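Peer 1: Residue numbers (the numbering used here): 2 to 158. Note that beta-carbon positions come from the ideal geometry of N, C-alpha and C, so glycine has one too. The structure displayed is predicted, hence computed values, not measured ones. Below is the structure I would like to discuss, written out as structure tokens.
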Amino acid sequence: MNSNNAFSRLYNIMRYAHGIHQQKLLSMQERCRQAKTVEDLRRLASDIQSFSDELHMHHTLEDRHLFPSIARKIDITHLETHHEQLTKLLKEFENCSIRLKRVANSSEDIKSALTDATAMISKVSKLVIEHETAEEQVIAPENLKKVFTEQEIRQLF
2 MNSNNAFSRL
12 YNIMRYAHGI
22 HQQKLLSMQE
32 RCRQAKTVED
42 LRRLASDIQS
52 FSDELHMHHT
62 LEDRHLFPSI
72 ARKIDITHLE
82 THHEQLTKLL
92 KEFENCSIRL
102 KRVANSSEDI
112 KSALTDATAM
122 ISKVSKLVIE
132 HETAEEQVIA
142 PENLKKVFTE
152 QEIRQLF
């Protein structure tokens, strides 16, 4: 494996995971536009909970295995700040999921819940995309090559 491949592999793995997150967020936004029934809200609630769990797991892995090594050589305080913001926002997102599961079967309640869910998904999307773009900039091969050896990058896997 040459240096270019080791650095690119890390970058591509991260971009792949981030792409999945962004696709799921887009899917939830579309589900909000199409939702009309309590059952639609329950599916959306399930999507929100699943996404929150997956994102939490993703960030836990990053926080334990990837970014501590990077932080020794690169200032990533902006990413840490994002993680703190995301942790708080994901709690709100999970609460949104709980509220969706409890919505009564009236068109007014459904409409109000969808308005709130749409706003929350937009808020989460904005921060997730901002954060993941910042992560990708930090781990871009041209940036990591400045401060890491190929062996050090391999050890991050």
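Is it true that the CB of Gln-30 sits closer than 8 angstroms to the CB of Ile-111?
Peer 2: Contact: no.
Peer 1: In three-state terms, what does DSSP make of Asp-110?
Peer 2: DSSP places Asp-110 in helix when its eight states are reduced to three.
Peer 1: Any heavy atom of the ligand FAD closer than 7 angstroms to the CB of Glu-133?
Peer 2: For the ligand FAD, the structure offers nothing, since it holds no ligand at all.
Peer 1: Can you name the start and end residues of the alpha helix (DSSP H) that Phe-68 belongs to?
Peer 2: Segment 68-72, the alpha helix (DSSP H) holding Phe-68.
Peer 1: In the structure shown, what three-state DSSP assignment does Phe-8 receive?
Peer 2: In this structure, Phe-8 counts as helix in the three-state DSSP scheme.
Peer 1: At 4 residues or longer, what runs of the alpha helix (DSSP H) sit wholly inside the region 14-62?
Peer 2: For the region 14-62, whole alpha helix (DSSP H) runs of length 4 or above, ordered along the chain, are 39-62.
Peer 1: State buried or exposed for Arg-32, treating a residue as buried only when at least 16 other CB atoms are found within 10 Å of its CB.
Peer 2: Counting Cβ neighbours within 10 Å, Arg-32 comes out buried, since at least 16 surround it.
Peer 1: Drop a sphere of 10 angstroms on the beta-carbon of Met-163, count the other beta-carbons inside from all chains shown, and report buried for 16 or more, exposed for fewer.
Peer 2: As shown, the chain starts at 2 and ends at 158. That puts residue 163 outside it, with no answer to give.
Peer 1: Is Lys-92 helix, strand or coil by DSSP?
Peer 2: It is helical.
Peer 1: Go ahead and label Ile-99 buried or exposed: buried means 16 or more other beta carbons lie within 10 angstroms of its beta carbon, across all protein chains shown.
Peer 2: Looking at its Cβ environment, which holds fewer than 16 other Cβ atoms inside 10 Å, Ile-99 is exposed.
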